[in-house]
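Taken in order, the sequence shown gives residues 700 to 981; the numbers are from my numbering.
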Amino acid sequence: MTDRTPEEADACRAVKPVVCYRSDRLPAVDLSLYESARESMTLVSEVTVAPRDASTFEARAGQLFRIVCVEGHQVGDLNLWNLHDLAERFYSGKTRQLQASHVTAGDRLWSSMPGLRPLATITHDTLGWYGIDEYGGSVHDVIGTRCDPYTNHQLNGVDYHYCCHSNLTRALADHKGCDLQQAEQHVHDVLNVFMCTGFTLDTHQYFMKATPARAGDYIEFFAEIDLLGALSACPGGNCASSHSDDDTPCYPLHVQVFETKPDALHGWQPPERSRYSRTHGR
Ligand SMILES: [Zn+2]
Numbered sequence: 700m701t702d703r704t705p706e707e708a709d710a711c712r713a714v715k716p717v718v719c720y721r722s723d724r725l726p727a728v729d730l731s732l733y734e735s736a737r738e739s740m741t742l743v744s745e746v747t748v749a750p751r752d753a754s755t756f757e758a759r760a761g762q763l764f765r766i767v768c769v770e771g772h773q774v775g776d777l778n779l780w781n782l783h784d785l786a787e788r789f790y791s792g793k794t795r796q797l798q799a800s801h802v803t804a805g806d807r808l809w810s811s812m813p814g815l816r817p818l819a820t821i822t823h824d825t826l827g828w829y830g831i832d833e834y835g836g837s838v839h840d841v842i843g844t845r846c847d848p849y850t851n852h853q854l855n856g857v858d859y860h861y862c863c864h865s866n867l868t869r870a871l872a873d874h875k876g877c878d879l880q881q882a883e884q885h886v887h888d889v890l891n892v893f894m895c896t897g898f899t900l901d902t903h904q905y906f907m908k909a910t911p912a913r914a915g916d917y918i919e920f921f922a923e924i925d926l927l928g929a930l931s932a933c934p935g936g937n938c939a940s941s942h943s944d945d946d947t948p949c950y951p952l953h954v955q956v957f958e959t960k961p962d963a964l965h966g967w968q969p970p971e972r973s974r975y976s977r978t979h980g981r
């Protein structure tokens, strides 16, 4: 092979990076609105997500919902859809580009194209203290996908049925009253709630380490539109060592949905879908 290394190779590597997307051009996050909503919040529903399983929940626009670590160190995999249109769903890749690889209070979860609008805004995160550790790791990532039986079969040659992908598939099928194959096509890349991850500094491989989440920790969201959610309590438990098996202690998670008083929202309206013309140059 021809060696194409230029003389200025080191200079190329030394070029300073620029952030791809200007977050200062996104709609401002009105923290006072969300604080006002939080002050009026009352619990209206609660669902327990069993270990190695998933449950669905609904949150209407203007409501808040929390994912709570209730017993032990446990990671959750979250899917979100427009309650009225499953084609509009959480878009982890664009959220990663518009926000960051790991999300916390003040960040938004964006929807798929052509909607491309905030589905939810994170209003509170008790793991906000963690920051970024010496390995580049942090919590609540949008870089991983979800543990799934196909990758597990590829790597280990066995069928395991309680990966987050399968858990989310069963939960959505039960909610919609459809078969598993119909539900599976709507399952998508997740927000890895409480999971502590990053890329290794030397080889840029995806890594995980034990979640710092303890009983009582939670992450809280404001529903920007009517949402259907599904949460899986990952078979990896705290995701310190393995996933896609029954070897790790695994604990339940709770999802709590809170009503807010309309006058606390000060005339707030759900965000509109993208106004791009969709003519794509024709
Ligand atoms: Zn998982």
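The C-beta atom is built at its ideal place from N, Cα and C for all residues, glycine as well.
All values derive from a computational prediction rather than experimental measurement.
Cβ-based neighbour list, residue i, same chain, cut-off 7 Å, excluding 5 preceding and 5 following
i: G897; result: Y834, G835, G836, S837 and F906
i: S811; result: E787, R788 and Y790
i: L725; result: L797
i: W828; result: none
i: Q955; result: L742, E745, F764, R765 and V767
i: E738; result: A963
i: S865; result: P848
Cβ neighbours of residue i in the same chain (closer than 6 Å, five flanking residues each side left out)
i: C863; result: D776, R845, C846, S931 and C933
i: V728; result: G805
i: G771; result: Y950
i: A922; result: A758, A760, Q762 and A819
i: T755; result: A870, H874 and A929
i: R913; result: none
i: R807; result: P817 and T820
i: L879; result: T868 and A872
Burial state of residue i (16 or more Cβ within 10 Å)
i: D702; result: exposed
i: R974; result: exposed
i: C895; result: buried
i: A713; result: exposed
i: C938; result: buried
i: Q773; result: buried
i: V802; result: buried
i: G843; result: buried
i: T899; result: exposed
i: S940; result: exposed
i: D868; result: Position check: residue 868 holds Thr in this sequence, whereas Asp was assumed. With 16 or more Cβ atoms within 10 Å of its Cβ, T868 is classed as buried.
8 Å Cβ cutoff met for residue i and residue j
i: L742; j: F957; result: yes
i: H839; j: N778; result: no
i: W780; j: H885; result: yes
i: T959; j: M740; result: yes
i: V748; j: L952; result: yes
i: T794; j: V857; result: no
i: I918; j: D824; result: yes
i: H965; j: L732; result: yes
i: R972; j: P813; result: yes
i: P817; j: P961; result: no
i: L826; j: P911; result: yes
Residues that residue i bridges to, as DSSP identifies them
i: A753; result: S931
i: Y905; result: F898
i: N891; result: D776 and D840
i: L742; result: F957
i: Y917; result: V767
i: D784; result: N781
i: W828; result: In the DSSP output, where bridge partners are listed per residue, W828 has none listed.
i: V748; result: L952
Close-in-space but distant-in-sequence residues of the same chain around residue i (CB under 8 Å, 5 per side omitted)
i: Y861; result: R751, D752, P934 and D945
i: N855; result: S943
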